[in-house]
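15 is the number of the first residue of the sequence shown in our numbering; add one for each residue after it. The next block holds one structure in the form of structure tokens; read it before the comments.
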Amino acid sequence: MKQTHRIIRRLSARGSNAPEAPHAAEGRMGESAARAGAERPRGRPRLAVVVGNTIVGDSRVQKTAIAAARAGWDVTLVGRSPSKRREESVLGPVRVIKVPVSAHMRAVVAAERRRPQLRSRITQFGLPDDAAWVRARAAHAAWVREHTARVGWLSAPSPAGRPAPEGPRTPEALRAALARQLTREALRGWVRVRRYAHKGRGRAYRWERRRVAGAPQPTGDWRTDWPELLDIDLAFGPVIEEIEPDVIHANDHLMIAVGARSAARLRARGLPTRWLYDAHEYVRGVEWPDAVRASAFPGVEEEFIGRADAVVTVSGELAGILREAYALPAEPLVVANAPVRETVSACADECVSVRDACGLSPDVPLLVYAGWIGPERGLDTAVEGLAELPHAHLALVAGKQNATLQALLARAEELGVRQRVHVVPYVPQEQVPDYLSSADLGLICFRHVPNCEISLPTKAAEYLHAGLPLITSGVRTLRNFVERTGVGEVFVTEDVASFVAAVQRGLAGRSTLAARITEPLLRELSWEQQSAGLLDLYERLAGPAAAARLAPRSVPWSASEQPGLAAPGRARSQDAAAPGGMPSGWRSLGSTPVRLGLGCANSAGQLAGFARALCERRQDLSAEVVMHTHDQSVIYPADIYAIGERTGDLGFQLDRARRVLGSYTHYLADSFTPALGRLNGGHIQDDLPSLSAAGIKVALLAHGSDVRDPQRHMSRYEHSLFHAADETILKALAKKSARNRRMAAQSGLPQFVTTPDLLEELPGARWAPLVVDVDSWASERPAMERARPVVVHAPSKRWTKGTEQVVPVLEELDRRGLIEFRMVTGVPWTEVRELVKEADIVVDQFAVGTYGTFACEGMAAGRPVIAFLDERLHRSVGIRPPIVNATPGTLRSALESLLEDRDLAMRTAQESAEYVRTYHDGAYTADVLDGFLR
Numbered sequence: 015m016k017q018t019h020r021i022i023r024r025l026s027a028r029g030s031n032a033p034e035a036p037h038a039a040e041g042r043m044g045e046s047a048a049r050a051g052a053e054r055p056r057g058r059p060r061l062a063v064v065v066g067n068t069i070v071g072d073s074r075v076q077k078t079a080i081a082a083a084r085a086g087w088d089v090t091l092v093g094r095s096p097s098k099r100r101e102e103s104v105l106g107p108v109r110v111i112k113v114p115v116s117a118h119m120r121a122v123v124a125a126e127r128r129r130p131q132l133r134s135r136i137t138q139f140g141l142p143d144d145a146a147w148v149r150a151r152a153a154h155a156a157w158v159r160e161h162t163a164r165v166g167w168l169s170a171p172s173p174a175g176r177p178a179p180e181g182p183r184t185p186e187a188l189r190a191a192l193a194r195q196l197t198r199e200a201l202r203g204w205v206r207v208r209r210y211a212h213k214g215r216g217r218a219y220r221w222e223r224r225r226v227a228g229a230p231q232p233t234g235d236w237r238t239d240w241p242e243l244l245d246i247d248l249a250f251g252p253v254i255e256e257i258e259p260d261v262i263h264a265n266d267h268l269m270i271a272v273g274a275r276s277a278a279r280l281r282a283r284g285l286p287t288r289w290l291y292d293a294h295e296y297v298r299g300v301e302w303p304d305a306v307r308a309s310a311f312p313g314v315e316e317e318f319i320g321r322a323d324a325v326v327t328v329s330g331e332l333a334g335i336l337r338e339a340y341a342l343p344a345e346p347l348v349v350a351n352a353p354v355r356e357t358v359s360a361c362a363d364e365c366v367s368v369r370d371a372c373g374l375s376p377d378v379p380l381l382v383y384a385g386w387i388g389p390e391r392g393l394d395t396a397v398e399g400l401a402e403l404p405h406a407h408l409a410l411v412a413g414k415q416n417a418t419l420q421a422l423l424a425r426a427e428e429l430g431v432r433q434r435v436h437v438v439p440y441v442p443q444e445q446v447p448d449y450l451s452s453a454d455l456g457l458i459c460f461r462h463v464p465n466c467e468i469s470l471p472t473k474a475a476e477y478l479h480a481g482l483p484l485i486t487s488g489v490r491t492l493r494n495f496v497e498r499t500g501v502g503e504v505f506v507t508e509d510v511a512s513f514v515a516a517v518q519r520g521l522a523g524r525s526t527l528a529a530r531i532t533e534p535l536l537r538e539l540s541w542e543q544q545s546a547g548l549l550d551l552y553e554r555l556a557g558p559a560a561a562a563r564l565a566p567r568s569v570p571w572s573a574s575e576q577p578g579l580a581a582p583g584r585a586r587s588q589d590a591a592a593p594g595g596m597p598s599g600w601r602s603l604g605s606t607p608v609r610l611g612l613g614c615a616n617s618a619g620q621l622a623g624f625a626r627a628l629c630e631r632r633q634d635l636s637a638e639v640v641m642h643t644h645d646q647s648v649i650y651p652a653d654i655y656a657i658g659e660r661t662g663d664l665g666f667q668l669d670r671a672r673r674v675l676g677s678y679t680h681y682l683a684d685s686f687t688p689a690l691g692r693l694n695g696g697h698i699q700d701d702l703p704s705l706s707a708a709g710i711k712v713a714l715l716a717h718g719s720d721v722r723d724p725q726r727h728m729s730r731y732e733h734s735l736f737h738a739a740d741e742t743i744l745k746a747l748a749k750k751s752a753r754n755r756r757m758a759a760q761s762g763l764p765q766f767v768t769t770p771d772l773l774e775e776l777p778g779a780r781w782a783p784l785v786v787d788v789d790s791w792a793s794e795r796p797a798m799e800r801a802r803p804v805v806v807h808a809p810s811k812r813w814t815k816g817t818e819q820v821v822p823v824l825e826e827l828d829r830r831g832l833i834e835f836r837m838v839t840g841v842p843w844t845e846v847r848e849l850v851k852e853a854d855i856v857v858d859q860f861a862v863g864t865y866g867t868f869a870c871e872g873m874a875a876g877r878p879v880i881a882f883l884d885e886r887l888h889r890s891v892g893i894r895p896p897i898v899n900a901t902p903g904t905l906r907s908a909l910e911s912l913l914e915d916r917d918l919a920m921r922t923a924q925e926s927a928e929y930v931r932t933y934h935d936g937a938y939t940a941d942v943l944d945g946f947l948r
């Protein structure tokens, strides 16, 4: 049956859940004729900073983007998505796009490698696989056995193999014997030849199989050796070309082909795009894991570096190497990665320290290493040296554990020093110097590998900004720097005794070494100083006309990535505050008598609604809303967003502990989520001892499946949402809700629920109604005036709303011309609001037994709402919602009654608006919470 109703959803690339198909990325060169002469808006000049990682943890590209935004550029930072979906966020005013990378070209090249060539056709003739080779061996063995038996028979004196008769042999017998002998020798020779041929065939087959099954060998063409570079170009290129930047900043070898091709294609459209290549390391000097990468990465760099309008790199030594190796017309600009001087000590009192993270007192000698841990970093020297430094401890600031770190810890265990080796987490890049400053010495134990020899590592500048003298191995650039400045001690690379002596000298003379860390030296090694040349280069590349449009602005260096906000010119997914600004509607946490923290689910934006309602009605209260997000979250207003796995980072957890325990007086635990990240565990129950010790009053807030018993719900309601749930999900929900109900019953804490049906699950709770912004949802257009009313259904998750059971009814009425059915999915809520205000009837859920946020929003718009209600539960709190009660089986008759009796429909709409203002504008909820907040 042909579908006639409207389905409203995001269909653009921004809303796609899959990587762009290759044909979509072919380029849009056909647009060039129409667009070449088109005048672009004369706003800020545009900069695209592109990098082949997920951006998280890459301090260089983050600082590059923020520095350019401060200088007045319209910056887009493009990185690789950690999922299969396109993700968008913001970093201050910087737009962040993360694109998924497919494996189309890798599959093409792999298929080409598997395709039989002339050689393989010969070596594997008649042998398509190992099973065929086994059969061929058996057939050969059978043939040999048969023919060697014949040789044996021909060796006998008589044809039958019996002894020859005694006496003289006749001429005929002699001729027969000679014939047998000749036949035997010929057959023996034939068997020998066949054996040699079979052995040769087997060797050729096995050689070919080993060659095909083994590691691919480099061809000298990067497109074949590492086709992922082509997949990256297919993913990144169209995104960059959509931005139409004035300048493209391509970071590292993974982006060099992307930058070159995108700039060329944009120039073909008539746009004056320029691009620069930023070489973070000496590609030829890296010990790549395999031969194909060792061939491909230098190959792609060699092909495109000469096409760049400018080249940037991290050290003077590497700049000289690149110029000589590729005959560059000019010396690359040196931009060393360094800390932002302005942020050092800016929040030292609020930030966690590495000494705190280790749990050490100030008098314990603490050595620290911060950064990537790999074999070339030489940290085994430091671990071995601890055995000779009985009072010293070693802090390793590391991300995820890897094989090298595990081997270091195992070696520490063998040496009996494991208790003095502390693995502590990363912190945001702007906090690194303050984080490290409580240590005594900063370690750099690099081995003699090319990339370690030719540049000053970022950690050296971070240590110095932290006030830490350096203990460094004798790699060339570091040794020369330390000997020139006198800010540390040098030891013989990989020599444990020399390392121990250097540490002992460093600890003994720490104050003298630290005094040589002067302000001019720190200015030289600051990002403000290093990025100045880069910003000047951008202006020269863009040209005077573009540079004249720069409008510098104030952007904090500490800006952090905020999830899910839409691109410029598009509606945000919610009315979220601008990053770094104050969320509209509630008073930011301050010096008020009541300081309320709310976190961390923020389901349907309810915590934001609660905060607004309370601050509007109480001048003695300020609030802070925290929201944990993942890559599929709908983003609602909040003060703090914790993205992805950040809640598991110790740095985040300790920061949250300082903030919560030092600032809050009250805490509303939303859906039983923890208040301190996962510092104590993944449940609010784990944080209660800490919160209680700090004198913070805690209350619990439940919304639905966090406490709803699936088995009881299914036994009560024929169309329960849990009937449609996957078995795995059902088990997880049952386990989670049982724990939450048990904890609530035993805790003695105040408890609140946002829907009346949950009072049966938490008998000691009070109903704190859902809060909606009634004024923003109110519609001036009366409902039910159209001859063919518009009916809207907007399921956030289809299985939780009973969507599959009611859509056929709505589609049928749409086909009959009685209604115009619009199903809304994947659309930002600001757009949903406009669709609801333009509708006539709102259809909510048929699988829960109560009404939710969407029903409240529909009623606030003055629209009749149809949903399934268990009226018994609602009478228990003394309310009768003006919702048209229906099940999937009675939905058709409910709709037809509204269509036939327009007066009834309009009265229902009016009563709905009045009902929402009575119970859901926040006043009622604020009154309910008032006792807890005293």
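Even glycine gets a Cβ: it sits at the ideal position worked out from N, Cα and C.
Using CA atoms only, rank isn't needed, just tell me which of the options is closest to residue i.
i           : options            : result
residue 299 : 288, 420, 312, 289 : 312
residue 754 : 685, 736, 691      : 685
residue 839 : 826, 810, 832, 853 : 810
residue 124 : 114, 488, 242, 264 : 242
residue 520 : 467, 536, 455, 493 : 455
residue 343 : 359, 321, 352, 329 : 321
residue 400 : 72, 518, 377       : 518
residue 860 : 680, 733, 676      : 733
residue 697 : 669, 464, 714, 878 : 714
residue 245 : 94, 148, 189, 215  : 94
residue 930 : 910, 865, 913, 942 : 865
In the DSSP assignment, what are the bridge partners of residue i?
i           : result
residue 94  : 113
residue 60  : 88
residue 502 : 484
residue 265 : 292
residue 614 : 641
residue 684 : 715
residue 835 : 805
residue 860 : In DSSP, residue 860 forms no bridge with anything.
residue 743 : In DSSP, residue 743 forms no bridge with anything.
Taking 8 angstroms as the limit between beta carbons, can you name the residues of its chain near residue i, skipping five residues before and five after?
i           : result
residue 327 : 292, 293, 294, 333, 336, 346, 347, 348, 349
residue 168 : 194, 195, 197, 198, 201
Taking just the CA atoms, how far does residue j sit from residue i?
i           : j           : result
residue 881 : residue 815 : 9 angstroms
residue 615 : residue 918 : 38 angstroms
residue 146 : residue 140 : 8 angstroms
residue 691 : residue 674 : 11 angstroms
residue 770 : residue 888 : 6 angstroms
residue 96  : residue 466 : 29 angstroms
residue 273 : residue 316 : 14 angstroms
residue 221 : residue 137 : 9 angstroms
residue 782 : residue 572 : 37 angstroms
What residues in its chain sit with their C-beta under 7 angstroms from that of residue i, if we drop five residues either side in the sequence?
i           : result
residue 749 : none
residue 508 : 392, 395, 461
residue 506 : 488, 512
Counting only the same chain and skipping the five closest in sequence on each side, list residues whose C-beta sits under 6 angstroms from that of residue i.
i           : result
residue 884 : 863
residue 628 : 635, 940
residue 52  : A caution first: residue 52 carries a pLDDT of 44, below 50, which makes its placement in the model too unreliable to give a value.
Is the stretch 759-767 touching the stretch 888-899, taking contact as three or more C-beta pairs under 8 angstroms?
-> With fewer than three CB-CB distances shorter than 8 angstroms, the stretch 759-767 does not count as touching the stretch 888-899.
Looking at C-beta atoms only, is the number of pairs between the stretch 424-435 and the stretch 393-405 that lie closer than 8 angstroms three or more?
-> Enough Cβ pairs lie closer than 8 angstroms, so yes.
Would you check if there are 3 or more beta carbon pairs closer than 8 angstroms linking the stretch 472-490 to the stretch 521-537?
-> Taking a contact to require three or more Cβ pairs closer than 8 angstroms, the stretch 472-490 and the stretch 521-537 qualify as touching.
Please confirm if the stretch 151-162 is in contact with the stretch 204-213, defined as three or more CB-CB distances below 8 angstroms between the two stretches.
-> Taking one beta carbon from each stretch, the stretch 151-162 and the stretch 204-213 have 3 or more pairs nearer than 8 angstroms; the two touch.
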